[in-house]
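In our numbering, the protein residues as written are 190 to 551.
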């Protein structure tokens, strides 16, 4: 009996323990579920901020990479500037070494100034000769056109007369009138005895026919004389036109020679103005120097060194940046790639175009 009670008590205790365990684990599971839900809600609440932070971090990394790239480019540009500085120092040494050349140029300038007046006089004389030749050409062309028209008219008349159309017509008419006259005379003679009353009428008709015959003969002689005169005029006009054509054929050669001399004169004048510009620059008279270089460019707009000197004067002395940049652009267009002044002009343009916002900063 005691064993049964003990067994029942043990079983009851085991059942109680199992129930308590079930309750404990149920409660534990419920608490874990609530914590899991709270944790999920918290994760959902912080997820947008986490995504934003991730995006900002990526943008920050991109900006850092861009800044590093710009820094490397600035280092390269610094190296380029150092190289340009060394190049400028070398050019300065070369300029100091060229003082003897400056003296030679000044001596040449004196010679150019001494020969300036004869050159200008020769240039004026060439212009006057050019105008005279142009006037002569216009007159010759007008006279040629007039003579050509007269020649064509005379030629037409001559060809028509060559066919003897008018002469043949006159001869035919005269022959017809003579035949008519003979017929009339024969008729008068045949009918003279029978038609005595008509004698006066026949004689009158005979007289009229005779006068008509004489008039036609005179017209024939006048026409033949006119034909001969036209032949003579045509021959003279033909010879004159031939001489004019020969003269017109020779005119282009004269124009070529005048043009060649004019080009040589213009080249000499442009060189004179350029040398004057160099002279005034050496003597620090920059306004006059600029005017001389402008005159040189008016004659030869493709003079690269005139553009460079003008650009340098406007950049360093007369301070007109826009004109300086314009002349430097022309210089870069015309100069050779190995010209030592190309780098200076490019650096000047790069500096001020970047300053004006026309070119982005590298």
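Just so it is clear, CB atoms sit at the ideal spot from N, CA and C, and this is done for glycine as well.
Query: Would you check if the distance between the CB atom of residue 478 and the CB atom of residue 502 is smaller than 8 Å?; Result: yes
Query: If you run the structure through DSSP and keep just helix, strand and coil, what is residue 345?; Result: helix
Query: Which of the three DSSP states, helix, strand or coil, is assigned to residue 493?; Result: helix
Query: So, with DSSP's three-state summary, where would you put residue 500?; Result: helix
Query: Just to confirm, is the Cβ distance from residue 507 to residue 475 under 8 Å?; Result: yes
Query: For the alpha helix (DSSP H) containing residue 532, name the first residue and the last one.; Result: 531-545
Query: Tell me which residues share the same chain as residue 541 and place their Cβ nearer than 7 Å to its Cβ, disregarding the 5 neighbours each side in the sequence.; Result: 510, 514
Query: How many whole angstroms separate the CB atoms of residue 497 and residue 530, which I take to be in contact at a CB cut-off of 8 Å?; Result: 5 Å
Query: For a test of the three-state rule: what should DSSP assign to residue 422, helix, strand or coil?; Result: helix
Query: Cβ atoms of residue 333 and residue 433: under 8 Å apart, would you say?; Result: yes
Query: Do residue 442 and residue 488 have their beta-carbon atoms positioned less than 8 Å apart in this structure?; Result: no
Query: What would DSSP say about residue 196, mapped onto helix, strand or coil?; Result: helix
Query: State the DSSP-derived secondary structure class of residue 488, mapped to helix, strand or coil.; Result: helix
Query: Which residues in the same chain as residue 549 place their Cβ atom closer than 7 Å to its Cβ, once the five residues preceding and following it in sequence are excluded?; Result: No answer about residue 549 holds up, because its pLDDT of 45 lies below 50 and its placement is not dependable.
Query: Residue range of the alpha helix (DSSP H) that residue 511 falls in?; Result: 510-523
Query: State the DSSP-derived secondary structure class of residue 460, mapped to helix, strand or coil.; Result: helix
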